[in-house]
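Chemist: Heads up, the working numbering is the position in the sequence shown plus 292, with the first residue counted as 1.
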Amino acid sequence: MKKKTGDPKQRLLDTATTLFYNQGYHATGINQVIEEAGVARASLYLHYESKESLLLAFLNQRHIDWMAGLKSFTDEASKPKDKIAAAFDFLSDNNEREHFRGCAFLNILSEITEKDTAVLTVIQDHKKDLRAFLGEILTNEKQLVKDHVYLLFESAIVESQLYRNQWPVQEARKMALGLL
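(1) Assuming Asn399 is part of the alpha helix (DSSP H), what are its boundary residues?
(2) My assumption, with CB atoms under 8 Å, is that Glu403 sits in contact with His339. Please give the rounded CB distance.
(3) By how many angstroms is the C-alpha of Ala329 removed from the C-alpha of Arg456?
(4) Do Gly518 and Val441 have their C-beta atoms closer together than 8 Å?
(5) Within a Cβ cutoff of 6 Å, which residues of the same chain sit near Met467, ignoring the five residues on either side of it in sequence?
(6) Give me the Cα-Cα distance between Glu428 and Lys434, rounded to the nearest whole angstrom.
(7) Cβ atoms of Ala379 and Leu255: under 8 Å apart, would you say?
(8) Can the beta-carbon of Ser384 be found closer than 8 Å to that of Gln453?
(9) Return the residue from the list Gln324, Glu327, Thr309 that minimises the CA-CA distance to Gln353.
(10) By Cβ distance, which residues of its chain are closer than 8 Å to Gln324, with the 5 residues on each side in sequence left out?
(11) Straight-line CA distance for Ala334 to Ala349?
(12) Report all residues from its chain with a CB closer than 6 Å to the CB of Ile300; omit the five preceding and five following residues, and keep chain order.
(13) With distances taken from CA atoms, which of Leu351, Arg465, Gly361 is nearest Thr413?
(14) Mark Thr307 as exposed unless 16 or more other C-beta atoms lie within 10 angstroms of its C-beta, in which case mark it buried.
(15) Helix or strand or just coil, what does DSSP make of Asp299?
(16) Going by C-alpha distance, which of Val411, Leu471, Ser447, Leu472 is nearest Glu344?
(17) Label His355 either buried or exposed according to how many other C-beta atoms from any shown protein chain fall within 10 Å of its C-beta, with 16 as the threshold for buried.
(18) Residues in its own chain within less than 8 Å of Phe365 by CB, not counting five upstream and five downstream?
(19) Output yes if chain D places a C-beta closer than 8 Å to the C-beta of Glu388; else output no.
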């Protein structure tokens, strides 16, 4: 095991973030996380009681970082229509930076079962926060329009991952702006 500098808890989280997002939760073994983080097994269990608690930490941190990125993109604009356009631009930017890997939350959702209630709750909370965020931008719109923009946003994420292409984001952006 290679020793690395820095806080072992943060190294574990950073390593799990990379591996869970790129390989998937079930395809990532705890031994791989420990080895690539350069920590002792005891460090893992000192900071995270289980692989699932490490997954929850990953999802919670991903939520914070992802929402901050989205907010940063939309804060540049002043009008609701421009903010929604910027939100879709954020998706395009994410696709480029993350090689069309898609939504970390939906990727994990595809791996869990009905027994994984804590994980499901974090995923649902992320989507509720996203929906609320978009809804706050569209305060003067009817609920139906808010729902349609949210669904277009979500489908753009999934379809661009499927096709590894920006066209779903571009088309969903056009449709969303056409609703406003």
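For every residue, glycine included, the Cβ atom is placed at its ideal position computed from N, Cα and C.
Modeler: Taking the coordinates as given:
(1) The count along the sequence shown starts at 1 and reaches residue 399 at position 107. In this chain, the alpha helix (DSSP H) harbouring Asn399 covers 396-401.
(2) To locate residue 403, count along the sequence shown from 1; it is residue 111. To locate residue 339, count along the sequence shown from 1; it is residue 47. With 8 Å as the limit, Glu403 and His339 do not qualify as a contact, their Cβ atoms being about 23 Å apart.
(3) Translated into positions along the sequence shown, residue 456 becomes position 164. Translated into positions along the sequence shown, residue 329 becomes position 37. When only Cα atoms are considered, Arg456 and Ala329 end up about 29 Å apart.
(4) With the chain running from 293 to 472 in the structure shown, residue 518 is simply not present.
(5) Position 175 of the sequence shown, counting from 1, holds the residue named residue 467. Answer for Met467: Leu444, listed in chain order.
(6) Position 136 of the sequence shown, counting from 1, holds the residue named residue 428. Position 142 of the sequence shown, counting from 1, holds the residue named residue 434. CA-to-CA, the gap between Glu428 and Lys434 works out to about 12 Å.
(7) The question about residue 255 has no answer here: the residues shown for the chain are numbered 293 through 472.
(8) For the purposes of this step, residue 384 is taken as residue 92 along the sequence shown, with counting starting at 1. For the purposes of this step, residue 453 is taken as residue 161 along the sequence shown, with counting starting at 1. With contacts defined as CB atoms closer than 8 Å, Ser384 and Gln453 fail to qualify as a contacting pair.
(9) In the sequence shown, residue 353 corresponds to position 61, counting from 1. Among Gln324, Glu327, Thr309, the Cα nearest to that of Gln353 belongs to Thr309.
(10) To locate residue 324, count along the sequence shown from 1; it is residue 32. Excluding sequence neighbours, Gln324 sits near Leu311.
(11) Your numbering for residue 334 matches position 42 in the sequence shown. Your numbering for residue 349 matches position 57 in the sequence shown. About 18 Å.
(12) Working through the sequence shown from its first residue, we reach residue 300 at position 8. The question names Ile, yet the displayed sequence has Pro at residue 300. Taking C-beta separations shorter than 6 Å and ignoring five residues to either side along the sequence, the partners of Pro300 in its chain run Val331, Ser335, following chain order.
(13) As a first step, residue 413 must be located in the sequence shown, where it is residue number 121. Nearest of Leu351, Arg465, Gly361 to Thr413, Cα basis: Leu351.
(14) Your numbering for residue 307 matches position 15 in the sequence shown. Under this definition Thr307 is a buried residue.
(15) Taking the first residue of the sequence shown as 1, we reach residue 299 at position 7. Of the three classes helix, strand and coil, the one that applies to Asp299 here is coil, per DSSP.
(16) Here residue 344 is taken as the residue at index 52 of the sequence shown, counted from 1. Comparing Cα-Cα distances from Glu344 to each of Val411, Leu471, Ser447, Leu472, the minimum goes to Val411.
(17) Walking along the sequence shown from the start, residue 355 turns up at place 63. Using a 10 angstroms sphere on the CB of His355, the tally of other CB atoms reaches 16 or more, which defines it as buried.
(18) Locating residue 365 in the sequence shown gives position 73, where the first residue counts as 1. Here the set comprises Ala378, Ala379, Asp381, Phe382, Asp385.
(19) The structure shown contains no chain D; it holds only a single protein chain.
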